[in-house]
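A.B. asks:
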Amino acid sequence: MARVVVDVMLKPEILDPQGQAVQRALPRLGFDGISDVRQGKRFELEVDGPVDDAALARIHELAETFLANTVIENFTVKVEELAVGAEK
Amino acid sequence: MTARIGVVTFPGSLDDRDTQRAIRLAGAEPVALWHKDKDLKQVDAVVLPGGFSYGDYLRAGAISRFSPVMETLIDQAKAGLPVLGICNGFQVLTEAHLLPGAMLGNDHLHFICRDQKLRVENAGTAWTADYETGQEIHIPLKNMDGRYVADSYTLDKLEAEGRVVFRYMDFNPNGSLRDIAGVTNEAGNVVGLMPHPEHAVEPLIGSGRTDGLPFFTSILKKLVAAS
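Top line first, the protein sequences correspond to chains A and B. The working numbering puts the first residue of the first sequence at 1, with every later residue one more than the last. The working numbering puts the first residue of the second sequence at 1001, with every later residue one more than the last.
1) If I'm right that B/ALA1060 touches B/ASP1130 with Cβ under 8 Å, what's the distance once you round it to whole angstroms?
2) Expressed to the nearest angstrom, what Euclidean distance is found between the alpha-carbon atoms of B/THR1002 and B/GLY1027?
3) Taking its Cβ as the centre, do 16 or more other Cβ atoms sit within 10 Å of B/ILE1137, making it buried, or is it exposed?
4) Counting only C-beta atoms, is A/VAL4 closer than 8 Å to chain B at any point?
5) Can you tell me which of B/MET1070, B/ALA1226 and B/TYR1168 puts its alpha carbon nearest to the alpha carbon of B/THR1094?
6) Taking only three categories from DSSP, how would you classify A/LYS88?
7) Can you check which of these residues, A/ASP53, A/ALA2, A/LEU15 and A/GLU81, is closest to B/VAL1149 by C-alpha distance?
8) Can the beta-carbon of B/GLY1055 be found less than 8 Å from the beta-carbon of B/GLY1101?
9) At a Cβ threshold of 8 Å, is B/LEU1104 touching chain A?
10) Can the beta-carbon of B/LEU1141 be found closer than 8 Å to that of B/PHE1166?
11) For B/GLY1162 and B/ASN1122, which I take to be in contact (beta-carbon distance under 8 Å), what is that distance rounded to the nearest angstrom?
12) Under three-state DSSP, which class holds B/MET1144?
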């Protein structure tokens, strides 16, 4: 079994009021020097069988048609190494 | 012949019964459609009602867009079947790419509920023929994800082709680009808008006005003319 991570972010030109709300709260919490925050979504897909090119191509299609709306969002697909003992 | 207008119920639809009632008041026969059915029961038009289908998880309307009923609906809408999407229905139509652009969370991050003034920008669609272009109407608006966005090329194209059907007046309730409240597809048979005409069809309830009723009489007139 392997894990594939799909990260979805609003395109840079799309207003992200959630990210702005988070950013505005930072000075109140004592975190200075952060000029912008944008909030995205991370999907962790546990995949049965090998993550070969065919499997990745299917996940890419899944991300493009369903997990992300490409009218407003960009996405990346990456395979996560599940190293033993790597959990913090 | 009485026109048969389907109303799809998704899990989480809230305004399906109000929409059926509006259709009946306009003089047509409402036909309940279930999201799992591929069969549209030979209706003459379809309304996708407001609500929070699938809890709006992932994105508003994104999961509903893959319901079995949508497979048939997408094909038939492309072939000319009149389809109206109200609020969540509008979100489903953009997710299905039957209408351009996308719907995002309100810029102020709050749910909003108010009587909204709109200007009818295009009285030439299947669902707006009983209005006058330029007419100002009041119908209720209630949403969390009502911010209409598209890239500037798409927005310019929509404006140039008269496909912005409704614009917010006096107050932009959600940060929609260019105050857009509703749009139509190229053929004019598919229309989506965020405010709720089905809640403004009887003088005794809602806003106390019947400014929403012409949606349902417009489509009726179009269907009678086509038969």
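Where is the CB? At the ideal position from N, CA and C, for every residue including glycine. Please read these numbers as outputs of a predicted model, since none were measured by experiment.
C.D. replies: Let me lay it out:
1) That belief does not hold up - the Cβ atoms of B/ALA1060 and B/ASP1130 are roughly 29 Å apart, past 8 Å.
2) 8 Å
3) buried
4) no
5) B/MET1070
6) Residue placement at A/LYS88 is flagged as unreliable, the pLDDT there being 46, under the threshold of 50; the coordinate-derived value follows with that caveat. Three-state result, A/LYS88: coil.
7) A/LEU15
8) no
9) Yes, its Cβ sits closer than 8 Å to a Cβ of chain A.
10) no
11) About 5 Å; that satisfies the 8 Å criterion.
12) coil
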